[in-house]
Amino acid sequence: MNWVRTTPRRVWIICALFALLQPLTHALVIYCAPDDVIPTGLHKPDSAIFVHTMRMFETGFYSPYVTCRSELGDHSWRLFTTPFFLLYGIAGALGSLADIGAFTMLGLANGFCAACYLLAVYHFMRTILPKHADRAFVLFTFSGGLGGVTYAACAVFGVADTPAFSQWFYRFAIYDLVEGTNLAPYLLMPRLYYTLPLALGFAGLTSLLVSWRIQCPVHLAYSQALLFVCVLLNARLGPPLGGIALLYLAHERSFAWRRLAHAALPIALGVACASGIMRLNPSFVANVHSVVRQQMWFTSFVSAGFPLLMFACPLIVRDARALTGALRAVTFGGLGFLGVFTALFFFYQFYYGTVLTGADHAASVSVSDIALTGVALGLVWSALGPRAHGRPEHGWLIAWAVLFTAVAVSAFGQGWFLRFSPQRLMVFLGVPLSLLAAEAIRCVETVRPRLATACVAFVIGIGVPAIAVSSLVFQGPLGMRPGLASDIGMHTAYLREEDAECLAELGPGVVAAPWPYNDILSTRDGVRVLGGYGAADLSGEDAGELAAQVAEFFTPGTNAVKRGEFLERWCVNHVYLPSDAKARDILEVELDRLQAIHRIYSIDGAVLYAVN
1 MNWVRTTPRR VWIICALFAL LQPLTHALVI YCAPDDVIPT GLHKPDSAIF
51 VHTMRMFETG FYSPYVTCRS ELGDHSWRLF TTPFFLLYGI AGALGSLADI
101 GAFTMLGLAN GFCAACYLLA VYHFMRTILP KHADRAFVLF TFSGGLGGVT
151 YAACAVFGVA DTPAFSQWFY RFAIYDLVEG TNLAPYLLMP RLYYTLPLAL
201 GFAGLTSLLV SWRIQCPVHL AYSQALLFVC VLLNARLGPP LGGIALLYLA
251 HERSFAWRRL AHAALPIALG VACASGIMRL NPSFVANVHS VVRQQMWFTS
301 FVSAGFPLLM FACPLIVRDA RALTGALRAV TFGGLGFLGV FTALFFFYQF
351 YYGTVLTGAD HAASVSVSDI ALTGVALGLV WSALGPRAHG RPEHGWLIAW
401 AVLFTAVAVS AFGQGWFLRF SPQRLMVFLG VPLSLLAAEA IRCVETVRPR
451 LATACVAFVI GIGVPAIAVS SLVFQGPLGM RPGLASDIGM HTAYLREEDA
501 ECLAELGPGV VAAPWPYNDI LSTRDGVRVL GGYGAADLSG EDAGELAAQV
551 AEFFTPGTNA VKRGEFLERW CVNHVYLPSD AKARDILEVE LDRLQAIHRI
601 YSIDGAVLYA VN
């Protein structure tokens, strides 16, 4: 427990503050909801999955997403074989013992795992660059993008509630303010299936590096156990963690197959075990590869990482010339790709007139293949270009940041690469960028100490508003207003009063409803739903195909025969048309004419039908 004694008090305080963030956010969502909405007991879109997995031991592995066509039935442990579901099951069991509700317990568990993650990152930083660890940790935890101050300024001038603002602001919100596998740690905290495995992963890397330095078999065994459990819980983290260890070995010039095996074996074993376990679910792996397909949006990343990039990028350009060997090739190959990618990306944006609205996904798919020529150009420059003297101790961090950024924005193969969801690499970019920014600020400090202090204050000054706006508006009650820009990702947290009153008449059975109402209704006793976020994990069906069929049913102009076949195929008992459905007036007329159903309750645009 030496790490406990050596952790500075200020680090404990920062971790404690961020540990409170999620429980407080959950409390605000429930107890400070606006007067015209009703809390659903959920938070983010994935919350329905988390709540059901927290109750899986209590309910006997019940899933409301299972359809009447499933061979497994609605109580099957095979639907809950994703390894990280165990984390939620344990949290739910502890909550039941303490008589704490699932939603409240989820907030507490998220907070605890967030603190573990931050502590692990701090000790990793202190192990690889001890002189920069304290400053880099502050930059890492408080880093936030331009979205927070931009939203605050727009709110002050009264433009945040305008219809055009939502579309224009989306690129700032998606990585700056909306929770997810993003750059800033506060956006990752609602996902304990990332924060806890990442805590184990960084702790495992730290112990592995120490074991190599002191030649200690105990540290080695401990590190391998941590890495194995980390990758078993979240297999997506395995390849990036292995890549980080390989870059460190290249930097230390201590590459040996034996040392490579120290990191590769537990990671490979964890991936193999996780893959085997997940395949017990008949559809989970296929759904993940078909539904989760996203690269890192380039302009959104620049916005989210701007405070760190403005310090780290000049340092990367300056010190990349001093790299040698494999690190030099990796860095210059990545820089070549990013250079060509950036030029083509903005040419695409200007050519198609999408500079303001953003078309990052389409642009990336279009230019990634051509941008691969930049890798060859970078390798040529690596071999023939000028070299600087010296060997920067942060050289491998440069290679880490450049390589992971290049891979994260890629969509080569005309989108084929997206099946690996490279966007998730963004969770690994905060650490090297924070350390590089800390080194850049140290260089400033040697000449102008006050300016260095101002640089740190600038990063914090940008980050604190982003954290506040994200927690209170985009993840909290201040933004729970349908149709506003801040409503992104919060659709499952509330119901309009008219929808809540109408759904009070809903009885048990299978209900067809558009998203997010299928996820919201899944938490009600006796109700089973079609589609929703939970269908990818807990239905045993092709989630993409099922979602398409649900969307077609609620699309104006769909043939009445098709709607009837849908109701019969999926054994539907009720149909719900929410008050905020797209083209709801047309849909209401069409559903009223559908002979297979009849209206049983309606109020202010919300309509509930029963199947005849």
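Numbering (the working numbering) for the sequence shown: 1 to 612.
All residues carry an ideal CB built from backbone N, CA and C; glycine is no exception.
These numbers come from a predicted model, not from an experiment.
Around the CB of arginine 126, 16 or more other CB atoms lie within 10 Å, so the residue is classed as buried. Nearest to threonine 195 by alpha-carbon distance, out of Gly526, Ala245, Glu179 and Gly531, is Glu179. Rounded to the nearest whole angstrom, the CA to CA distance from tyrosine 533 to arginine 448 is 52 Å. In this structure, the CA atom of phenylalanine 80 is about 29 Å from the CA atom of alanine 184. If you look at leucine 97, you'll find it in the alpha helix (DSSP H) that goes 85-97. A Cβ-Cβ separation of about 4 Å places glycine 145 in contact with alanine 304 under the 8 Å criterion. Taking alanine 274 as the centre and dropping the five residues before and after it, the same chain places the C-beta of Pro83, Val231, Leu232 and Ala235 closer than 7 Å to its C-beta, in chain order. Out of Ala160, Val550, Ala203 and Asp580, the CA that lies nearest to the CA of valine 473 is found in Ala160. The alpha-carbon separation between glycine 89 and valine 51 amounts to approximately 9 Å. Just measuring C-alpha positions, the residue of Asn612, Ala114, Arg593 and Ala173 sitting nearest cysteine 571 is Asn612. For alanine 93, same chain residues with a beta-carbon under 6 Å away, outside a window of 5 residues either side, are Phe57 in chain order.
When the Cα atoms are used, isoleucine 600 and aspartate 499 turn out to be separated by approximately 14 Å.
Of the residues assessed, glycine 358 falls on the buried side of the cut-off, its CB having 16 or more other CB atoms within 10 angstroms.
In the DSSP annotation of this structure, the continuous segment of the alpha helix (DSSP H) that includes histidine 361 starts and ends at 360-371.
The DSSP-derived three-state label of alanine 504 is coil. DSSP, read as helix, strand or coil, puts alanine 133 in helix. Comparing C-alpha distances from proline 432 to each of Ala371, Leu309 and Arg496 shows the shortest one belongs to Leu309. Note that the C-beta distance between leucine 436 and isoleucine 316 is below 8 Å.
Check the Cα spacing between alanine 466 and each of Arg135, Phe142, Leu129 and Phe311: the tightest is with Phe142.
Sequence-distant Cβ neighbours of serine 471 in its own chain, meaning closer than 7 Å and more than five residues away, are Leu21 and Thr25. The C-beta of valine 218 has fewer than 16 other C-beta atoms within 10 Å across all chains shown, which makes the residue exposed.
Going by DSSP, proline 422 is part of no alpha helix (DSSP H) at all; its letter is neither H nor E.
Serine 382 sits away from arginine 424, with the two beta carbons spaced by 8 Å or more.
Here proline 266 has Gln224, Leu227 and Phe228 as same chain residues with Cβ atoms under 6 Å from its own Cβ, once five neighbours each way along the sequence are excluded.
The closest CA to that of leucine 418, considering only Ser366, Leu119, Gly463 and Val380, is found on Ser366. Taking C-beta atoms as the reference points, alanine 48 and threonine 492 count as a pair closer than 8 Å.
Here the alpha carbon of aspartate 176 sits roughly 37 Å from the alpha carbon of arginine 253. Sorting Thr162, Cys15 and Ala596 by C-alpha distance to the C-alpha of valine 121 places Cys15 at the top. Going by DSSP, proline 314 is part of the alpha helix (DSSP H) stretching over 298-319. Rounded to whole angstroms, aspartate 36 and phenylalanine 404 show a C-alpha spacing of 44 Å. Secondary structure at isoleucine 100: coil, using DSSP grouped into helix, strand and coil. Straight-line measurement puts the Cα of serine 364 at about 7 Å from the Cα of phenylalanine 345. Residue range 509-512 is occupied by the beta strand (DSSP E) that includes valine 511. Unbroken alpha helix (DSSP H) runs of no fewer than 4 residues, entirely contained in the stretch 156-218, are found at 163-176, 185-188 and 192-214, following chain order. Put simply, the backbone Cα of proline 386 is about 45 Å away from that of glutamine 167. Proline 240 has its alpha-carbon roughly 18 Å from the corresponding atom of arginine 191.
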